[in-house]
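Asker: Sending over a structure as C-alpha cells; questions will come in a sec.
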Amino acid sequence: MGFAVNSRQRRNHTPQTYKNMKQTLTVIAAVALGAFSFAQAQPPGGPHGGHMNPLEEMSSSLNLTDAQKAKVQPIIDQAKPQLQAIHQEAMTKAKAVIDASVTQIRPLLTPEQQTKLDAITKAHEDLHNAMKELHEAKGK
C-alpha cells in the first residue's frame, strides 16, 4: 500500500481537510522556528549553559591528571575555531531551509495565523539577537 493518491481522492478534500492541513503546517513551522532559535540561542558549551568547558568536562568524566590536561588543552583549542565554523555554517543552512519553508507555508495561513506566525518569528529573532549580544559581550 503506497502513498499515491488518485485524482478522485484529491477532489474529495473538504474545507475542513484544508483547515487541518494549514494547522499542521503552522505547527511544523512553529516547531522548526523554535528548534532553530533554541539551537541558535545555545551558549558555547551546549544546552546546559556552558558551565563547564570541554577540558573540565573531559577532566571530570575521565579523571585526567594535570599532565594529561596540559596535553589535551591545545588539542581542544585547535579544534574550537573549526567547530565554531561548522556550527555557524549549519545554522546558516538551517535558517535558509526554515525561511524557505515559512515562505511557502505563510500564504496557506489565514491573516490571523499569519500575524501570529510573524509574531513568533519576530520573538525568535529577538531572542537570537539578545543571545548573540550576550555571547559577544562575554567574549570581550
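Just so we're aligned, residue 143 is where the sequence shown starts under our numbering, counting upward by one.
We put the CB at the ideal spot given by N, CA and C, even for glycine.
#1: What is the C-beta distance between I218 and P196, in whole angstroms, given that I count them as a contact (C-beta under 8 Å)?
#2: Alpha carbon to alpha carbon, what distance is there between L269 and K222?
#3: Assuming T263 contacts V244 (C-beta within less than 8 Å), just tell me the rounded distance between them.
#4: For H277, which of D260, L259, Q226 and L250 has the nearest alpha-carbon?
#5: Assuming L259 contacts L251 under a Cβ cut-off of 8 Å, what Cβ separation, rounded to an integer in Å, is found between them?
#6: Can you give me the Cβ contacts of E198 inside the same chain, cut-off strictly under 8 Å, excluding the 5 residues immediately before and after it?
#7: Since P223 is in the alpha helix (DSSP H), which residue starts that stretch and which ends it?
#8: Once you ignore the five residues that flank R248 on each side, which residues in its own chain have a CB closer than 7 Å to its CB?
Answerer: According to the data block:
#1: Taking the first residue of the sequence shown as 1, we reach residue 218 at position 76. Taking the first residue of the sequence shown as 1, we reach residue 196 at position 54. So it is a contact: roughly 5 Å between Cβ atoms.
#2: Numbered from 1 along the sequence shown, position 80 holds the residue referred to as residue 222. Numbered from 1 along the sequence shown, position 127 holds the residue referred to as residue 269. Distance between the alpha carbons of K222 and L269: 24 Å.
#3: Along the sequence shown, one-based indexing puts residue 263 at 121. Along the sequence shown, one-based indexing puts residue 244 at 102. At roughly 7 Å, the Cβ-Cβ gap stays under 8 Å, so T263 and V244 are in contact.
#4: Taking the sequence shown and counting its residues from 1, one reaches residue 277 at position 135. With distances taken between Cα atoms, H277 lies closest to Q226.
#5: Indexing the sequence shown from 1 puts residue 259 at position 117. Indexing the sequence shown from 1 puts residue 251 at position 109. Right, the Cβ-Cβ distance comes to about 6 Å (below 8 Å), so this counts as a contact.
#6: Numbered from 1 along the sequence shown, position 56 holds the residue referred to as residue 198. If we look at E198 and ignore the five residues flanking it on each side, it has no Cβ neighbours.
#7: Translated into positions along the sequence shown, residue 223 becomes position 81. Where P223 is concerned, the enclosing alpha helix (DSSP H) stretches over D208 to I247.
#8: For the purposes of this step, residue 248 is taken as the residue at position 106 of the sequence shown. Excluding positions up to five away in sequence, the list reads Q256 and L259.
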